[in-house]
Amino acid sequence: MGGNEKCLCGSGKKYKHCCAVKIPADMNKLMEMEFIQLKQEILKFATTRYGENINGCITEFFEEVMIEDDEEFHVAEFLLMIWVIFSLPIAENKQTILQAFIKKHGKKIKRPALKEAINDWQGAVPSIFYVLKDDHGILHVEDIFTKEEKQIFMWVGGEEATETLEGSYVLGTVINYRNRSYFYVTFYVIDNPTVIKAILSLYDDFSNEYSPEKFVDDLYPEIIELIFDAPMNLENIDWDNDQQREVIEQVKANLSVPEEIQLPLQGLAITLWKLYCTKTGGNIRNVENYAAALHYTVGHFMMFFGEEEPTKAELASLYNVKMRALSTTINKLYDVLENNIDNLLDELTFGFGDEEFDYDFDDNDDDIDLEDLFLEDDDDEPFDAKEFIRNFEDDFFKRTSDSEPIVDELAKKRAEKQKIKK
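Residue numbers (the working numbering): 1 to 422.
This is the structure:
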C-alpha cells in the first residue's frame, strides 16, 4: 500500500507514519489478526445470510445418519457446514457461499495478500492427512489420497498444542495465506484406523472416476458418515485386568478366517466378552479355557459368512485345554450371555425381511443349532445364502439389548449411496 494511504490498523494515521515503521513482528501480528478476522467474517456471513440453506443441507444428511453422542453430533455438523460454505452452490446464481461473500465484500479487502488468498480459497476442498511430524504446532503431513507432503501451521498468534499430533490422521480444509498453509477454522483428529481403511477402500472404488480432490469434495457426506457412524475402535477397549485382555487377544489371534470377515467376527467376540466381564466381574483364573470357550461361542455365527464352525475337540487342541474344562467354561458363558446371544440371533435372522421362520431355539441347549435357518419349505423360494450373507454384512449386529454397538462393515454401505453429485 502507498505510504500516504490511511493505515489499515485503524489508527487514522498514514501508513508511513504508523505500521510501516513498526518492527516486522508487529506487522506479522497485524496480518495474522486480519487473517483470523476474515475467517470469522466468512462464517458470520454464511450463518446469518444463508443459515436456512445450510441447515437444510445438513438436516438432509442427518436424516440418513444417526449420531447419538451430542458432542460428536455438533462436531460433524460444523465440519459439514464448512464444506457447504466452500463447495455447495446454494447461494444466488448457483454460487457457493464463499463466492457470494467475495462478490459482496471482496472490494473491502485492501491488503493484496489477503485479497489474493481469499480468491484462491474458492478451490479449497477437505482432505485427510497423516501427520509425519509435529514440530511445535507446524505439522509435516502427507495427504492420504495424493501422497503430497506439505507443512500446515496450526496455531496463529503464538499458541501451541498441548499434545503432539504426530502419527495421527487429521481431517480439514486447508487454505493458504502468505505462502503458508492453515486449516480453515478447525480440524478433526481421526483416531480409528478402521475408519481410514474404510475411507481408502471407498476411494479405491471411485479412483477411476474421480480425482482425489473431486472424490473428497463430492463424497464428503459419505466420509463424515464413515467417521462418525463408524464401528468402535477395537484397539481402545478398556479391560479391568490383564487376564480379560489376554482372553480377547488370544481369540483374535486364533480366528483363522478370511480377512474380509475378521473385523465383524472380532467385533462379535469383543462385544460378548465385554458383556460377560461386565456382568460377572471378569475374574479369570484360566485364560486359555475362557479364550477357547469364547471362540466356540463366536464359532456358531461363522456359517453366516460361509465358514465352518470349529468343534470343541479342535478348540481344545488349539488352546491346549481339556475337553471337560472347555465344556464347563462354555456353559458358564451361556448361563450369563444366553439372552444376548438370542437377541443377536433374532436381529440376524429376523432383521432382513418379513419372512417368518417356524423353528425355535431350545433354551436349555448350550449348542445353538442354526441349520433350521437353511431349510427350504415346499412353497418357498430356495434359500439364497449369498444374498443372506450380503444383507448380514451390511447390517451386522449394530446393537444388542444392553451392549454398545459392535463392528459392522460400514464401508459396504457405499454401494447403496445415492447422493453422489454428478
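Think of the CB as a built atom: it goes at the ideal place given N, C-alpha and C, for glycine as much as any other residue. Bear in mind that the values here come from a model prediction, so they are computed numbers and not experimental data.
Going by the beta-carbon positions, is the gap between residue i and residue j smaller than 7 Å?
i, j, result
"Val65", "Asp229", "yes"
"Val170", "Phe206", "no"
"Ala124", "Ile175", "yes"
"Ile90", "Asn53", "yes"
"Ala117", "Tyr177", "yes"
"Ile495", "Ala76", "In the structure as shown, the chain starts at 1 and stops at 422, and residue 495 therefore has no counterpart that could be examined."
"Ala325", "Asn283", "no"
"Asp134", "Thr164", "yes"
"Lys150", "Ser127", "no"
"Tyr334", "Ala291", "no"
"Gly172", "Phe187", "yes"
"Val247", "Val287", "yes"
"Leu139", "Ile152", "yes"
"Ile82", "Phe73", "no"
"Asn4", "Lys14", "yes"
Spatial neighbours of residue i within its chain, please: C-beta separation below 7 Å, excluding the five flanking residues on both sides.
i, result
"Phe61", "Leu80, Pro221"
"Leu101", "What sits at residue 101 in the sequence shown is Phe, not Leu. Contacts found: Ile42, Phe45."
"Glu34", "Arg111, Leu114"
"Val336", "Tyr276, Lys279, Thr280"
"Tyr50", "Ile90, Ala91, Ile97"
"Val321", "Glu288, Asn289, Ala292"
"Ile237", "Ile270, Lys274"
"Glu71", "none"
Which same chain residues end up closer than 8 Å to residue i when comparing Cβ atoms and leaving out the 5 residues on each side of it in sequence?
i, result
"Ile330", "Ala293, Tyr296, Thr297, Lys312, Asp366"
"Leu441", "Past the boundaries of the shown model lies residue 441; the chain is included only from 1 to 422, so the question cannot be answered."
"Gly12", "Lys6"
"Tyr203", "Phe145, Pro212, Phe215"
"Asp69", "none"
"Met31", "Arg111, Ala113, Leu114, Arg178"
"Val141", "Phe129, Tyr130, Val131, Leu132, Glu149, Lys150, Gln151, Ile152, Val170"
"Met323", "Lys312, Ala313, Ala316"
"Cys57", "Leu80, Val84, Leu88, Ile90"
"Leu265", "Leu255, Val257, Val298, Phe301, Met302, Phe305"
For residue i, count neighbouring Cβ atoms within 10 angstroms of its own Cβ and tell me buried if that reaches 16, exposed if not.
i, result
"Ser317", "exposed"
"Lys279", "exposed"
"Pro310", "buried"
"Ser256", "exposed"
"Gly267", "buried"
"Gln244", "buried"
"Gln99", "buried"
"Thr328", "exposed"
"Lys274", "buried"
"Gly306", "exposed"
"Lys398", "For Lys398, the pLDDT reaches just 39, beneath the cut-off of 50, and the residue's location in the model is therefore unreliable, although a value from the coordinates is still provided. Looking at its Cβ environment, which holds fewer than 16 other Cβ atoms inside 10 Å, Lys398 is exposed."
"Thr59", "exposed"
Excluding the 5 residues flanking residue i on each side, which residues of the same chain have their C-beta closer than 6 Å to its C-beta?
i, result
"Gln250", "Ala291"
"Thr47", "none"
"Leu315", "Ala292, His295, Tyr296"
"Asp240", "Gly282"
Query raised in the report: Can at least three beta-carbon pairs, one atom from the region 98-108 and one from the region 183-203, be found at a separation below 8 Å?
Result: no
**Report entry** Uninterrupted beta strand (DSSP E) stretches inside the region 86-146 (no shorter than 3 residues)
**Finding:** 126-135, 138-143
Requested in this report: Please list the segments of the alpha helix (DSSP H) lying wholly inside the region 192-272, counting only runs of 4 or more residues, in order along the chain.
Outcome: 193-206, 212-218, 220-228, 242-254
**Report entry** Start-end ranges of the beta strand (DSSP E) lying completely within the region 38-93, minimum 3 residues
**Finding:** none
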